[in-house]
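Chemist:
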Amino acid sequence: MQDNQIKALRKIEDVRGSLVVIEQGRDVPFPIKRSYFIYGTSPDEPRGFHAHKQLEQVFVCLRGKCDIVLDDGKHKKTVKLDAPDQSLYVGKMIWHEMHHFSPDCIFAAFASDLYDEADYIRGYDDFVKAVANMRKDGE
Ligand code: T46
């Protein structure tokens, strides 16, 4: 699987509180064209269930936590985002599902491109077929 690991963000703490830095080039390996936030979540309402053809993203749980299932069509793993100084890179063609959101979760996403529904693969069977075609074409 690609480098889909939780990474520590730089945190600067003093008596006033904590300041966390997200820098393009260091923490986000692409120019950020869009960000969006998800909140008002529930543990029983998973989200995601898609892959992106081209989009790259970095996710941060600014508050609360959730589990993220990552699947490249061959390997599957679950990672937990549960601190505002942790980030997760998710590249193109990774099926991802977000589960077990805490109700206080504020989930932030930093994305490499503007919203484009045509970039989504929302059916798991279509995703598996697209991965198989990519492998056949040697991508
Ligand atoms: C992702 C995961 C982590 C827009 O109009 N503009 C936007 O920028 C976004 C992100 C969504 N939308 C619309 C599309 C749908 O009608 O908002 C609605 C909900 O989106 P969706 O069902 O895709 O939400 P999630 O939480 O399943 O997925 C989102 C992102 O869409 C997706 O790119 O990787 O969060």
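Reminder that position 139 of the sequence shown reads as 136 in our numbering, one-by-one numbering, no gaps.
Just so it is clear, CB atoms sit at the ideal spot from N, CA and C, and this is done for glycine as well.
1. Do E94 and F46 have their CB atoms nearer than 7 Å?
2. If I'm right that G44 touches D110 with Cβ under 8 Å, what's the distance once you round it to whole angstroms?
3. Would you say the segment 96 to 104 touches the segment 52 to 72, given that touching needs at least three Cβ pairs under 8 Å?
4. Is M131 buried or exposed, if buried means 16 or more other CB atoms sit within 10 Å of its CB?
5. Ignoring anything shorter than 3 residues or poking outside the segment 54 to 125, list the beta strand (DSSP E) runs there in chain order.
6. I'd like the span of the beta strand (DSSP E) that includes E10, first residue to last.
Modeler: With the structure as the only source:
1. Here residue 94 refers to the residue found at position 97 when the sequence shown is read from its first residue. Here residue 46 refers to the residue found at position 49 when the sequence shown is read from its first residue. Contact flag set, yes.
2. Position 47 of the sequence shown, counting from 1, holds the residue named residue 44. Position 113 of the sequence shown, counting from 1, holds the residue named residue 110. The sequence given here has Arg at residue 44, not Gly. About 19 Å; that fails the 8 Å criterion.
3. yes
4. Counting from one through the sequence shown, the residue named residue 131 turns up at place 134. Result: exposed.
5. 54 to 60, 63 to 68, 73 to 78, 83 to 87, 92 to 96, 103 to 108
6. Position 13 of the sequence shown, counted from the start, is the residue given in the question as residue 10. Where E10 is concerned, the enclosing beta strand (DSSP E) stretches over 7 to 11.
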